[in-house]
Amino acid sequence: MRRIAGVDVARGLAVLGMMTAHVGPDDTGPVPPGGFTQLADGRPSALFVVLAGVGLALLSGGSTPVAGTRLVQSRLRVLVRAVLLFVLGELLVMLGTPVAVILPTYALLFAAGCVALRWPVRALVAVAAGVALVGPFLRTFLTDGLTAWGATPTLLAEMTVGHFYPAVVWFAYLLTGLAVGRSDLRETRVRVNLAVTGAVLVVVGHVGAWVAREGLGWPTTIATTEPHSSTTFEVLGNTGVALLVLVVCLALAEQVPEVLSPVAAVGELALTAYTVHVVVIALVGDEVVRAPGIASWLAFLLTTLVLCWAWRAVLGRGPLERLLHGVSTRAADVRPDALPPVVTPAAAVPGAGKPVEPRADGS
1 MRRIAGVDVA RGLAVLGMMT AHVGPDDTGP VPPGGFTQLA DGRPSALFVV LAGVGLALLS
61 GGSTPVAGTR LVQSRLRVLV RAVLLFVLGE LLVMLGTPVA VILPTYALLF AAGCVALRWP
121 VRALVAVAAG VALVGPFLRT FLTDGLTAWG ATPTLLAEMT VGHFYPAVVW FAYLLTGLAV
181 GRSDLRETRV RVNLAVTGAV LVVVGHVGAW VAREGLGWPT TIATTEPHSS TTFEVLGNTG
241 VALLVLVVCL ALAEQVPEVL SPVAAVGELA LTAYTVHVVV IALVGDEVVR APGIASWLAF
301 LLTTLVLCWA WRAVLGRGPL ERLLHGVSTR AADVRPDALP PVVTPAAAVP GAGKPVEPRA
361 DGS
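Quick note: the UniProt record's numbering has the sequence shown finishing at residue 363, numbered continuously throughout.
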């Protein structure tokens with residue numbers, strides 16, 4: 001998978017933003033520093049999932065989706081990674097920290113993305129829009145139904161319709177990222193289109209919510225962009241912010257790569273950095289989340305930046321990233337002759353009907 005520095009920078013900001021949401025200073029304070037926590041609540045995790053979609057696209061061919069054997073390999077790699085991410089996420093949940101761990105839902109979304117690896121961009125955008133529109137209402141319907149039936153909360157219910165990262169809504173972020181990753185992010189035209197789209201979505205999301213609430217009298221449960229409300233307006237606003245952040249990071253990573261190198265390193269070691277920060281919270285104690293201070297917040301951010309930058313410079317790929325890459329790559333080592341033969345219809349080719357083995361290039 002080819003790396004794009006700007007994507008790594010954006011992913012690094014997403015990880016640092018999620019850390020800020022967890023251990024940042026009191027969000028009632030002014031900007032800076034307390035207001036950073038307000039800005040970081042919900043948006044970085046949405047950016048993280050959008051970038052997961054971009055990563056899926058790059059993993060499966062970028063602007064030219066893979067087919068044949070390579071498509072099978074890509075799907076196997078994604079599914080194996082999803083399983084490993086789910087296991088890791090559940091282990092982090094078992095630590096009992098106040099952090100709402102995103103990895104279980106992230107893994108579910110990652111696996112669900114397999115079905116869309118060959119979808120054209122228009123289909124990805126259309127389905128993402130549909131999920132953003134219908135998903136919040138489906139979530140409410142399912143949640144109310146589970147409550148009415150007196151159903152015991154389950155892990156699957158938490159991942160699909162839970163409070164923080166409901167997959168029935170957040171799938172829109174992943175599909176958006178997948179559509180973005182199918183474009184050539186090095187092209188100026190693509191970046192301009194993404195920036196304009198992002199700006200429009202931010203306005204529609206935030207201004208639209210205000211108009212619907214104050215002007216049309218819609219209930220606040222629907223017309224809000226509050227963090228983790230998972231309304232249509234919040235999804236639109238967060239998606240717009242994610243696109244704008246990505247475009248800015250793509251541009252800056254080309255202009256000042258040395259300055260942003262530590263942030264890019266966090267992006268390359270995103271899984272390791274996220275995991276370690278949850279483990280550290282478990283070791284230090286809940287107070288660092290429930291009563292955070294500026295000193296502890298800066299300690300988390302600066303330590304993460306320095307350690308990730310040093311690790312990448314000396315050892316390259318992060319430990320958890322190395323594990324996921326190694327296991328998923330070996331699991332997806334499928335030879336063309338290991339796949340079922342493709343039978344060409346006899347009507348199409350005279351004398352056909354014999355099995356035709358796929359070539360190594362997947363055709």
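For glycine and all other residues, C-beta sits at the position ideal for the given N, C-alpha and C. In this text the structure is predicted, and so the values were computed from the model without any measurement.
Annotated three-state conformation of W119 is coil, per DSSP. For F233, the three-state secondary structure derived from DSSP is helix. Excluding sequence positions up to five before and after D184, its CB lies within less than 7 Å of the CB of S63, V190, all in the same chain and listed in chain order.
In the structure shown, D8 adopts helical secondary structure according to DSSP, grouped into three states. Taking C-beta atoms under 8 Å as the contact rule, V9 and L252 qualify, at a distance of about 7 Å.
Cα atoms of L146 and V49: separation of roughly 26 Å, rounded to the nearest angstrom.
Taking 7 Å as the cut-off, the Cβ atoms of R322 and E268 do not count as close. When secondary structure is reduced to three states using DSSP, V180 falls in the helix class. Excluding the 5 residues flanking it on each side, H228 has same chain C-beta neighbours closer than 6 Å at G42, F164, in chain order. Secondary structure note for S63: it is in no alpha helix (DSSP H), with a DSSP letter that is neither H nor E.
Relative to the Cα of V168, the nearest Cα in the group R118, T232, V211 belongs to T232. Secondary structure note for T275: its alpha helix (DSSP H) is the uninterrupted segment 270-284. CA-CA distance, A310 to L324, rounds to 21 Å. The C-beta distance from V161 to L142 rounds to 5 Å, short enough to meet the 8 Å contact threshold. Residue burial is scored here from C-beta neighbours: V306 has fewer than 16 other C-beta atoms within 10 angstroms and is therefore classed as exposed.
Of T272, L39, P257, the smallest CA-CA separation from V7 is found for P257.
When secondary structure is reduced to three states using DSSP, T225 falls in the coil class, being assigned neither helix nor strand. For L185, the secondary structure class from DSSP, reduced to helix, strand or coil, is coil.
Two segments are said to touch when three or more pairs of C-beta atoms, one from each, lie closer than 8 Å; by this definition the stretch 54-63 does not touch the stretch 88-102. Using a 10 angstroms sphere on the CB of P98, the tally of other CB atoms stays under 16, which defines it as exposed.
When rounded, the separation of the alpha-carbon atoms in W119 and L194 is 19 Å. Selection M159, L76, G113, R186 evaluated against R330 yields L76 as nearest (Cα-Cα). If you draw a straight line from the Cα of A291 to the Cα of L236, it is about 31 Å long. In the displayed model, W309 falls within a helix according to three-state DSSP. Secondary structure of H325 (DSSP, three-state): helix.
Closest in alpha carbon position to G130, among V245, P219, W170, is W170.
Per DSSP, P166 lies in no alpha helix (DSSP H) segment and is marked neither H nor E.
Going by DSSP, A212 is part of no alpha helix (DSSP H) at all; its letter is neither H nor E.
It is roughly 28 Å from the alpha-carbon of H22 to the alpha-carbon of R3.
Here G113 is buried. Its C-beta has 16 or more other C-beta atoms within 10 Å. Here Y106 has F48, V49, A52, L85, G89, Y165 as same chain residues with Cβ atoms under 8 Å from its own Cβ, once five neighbours each way along the sequence are excluded. Distances from the CA of T275 to each of R70, V87, L79 were compared; the closest alpha carbon is that of V87. Burial is judged here by how many other beta carbons sit within 10 angstroms of a residue's own beta carbon; L283 has fewer than 16 and is exposed.
Ranking L138, L271, V280 by CA distance to the CA of A14 puts L271 first. The beta carbon of A265 sits closer than 6 Å to those of C308, W309, R312, all from its chain and outside the five residues before and after it, given in chain order. Rounded to whole angstroms, the gap between the alpha carbons of A332 and L246 is 30 Å.
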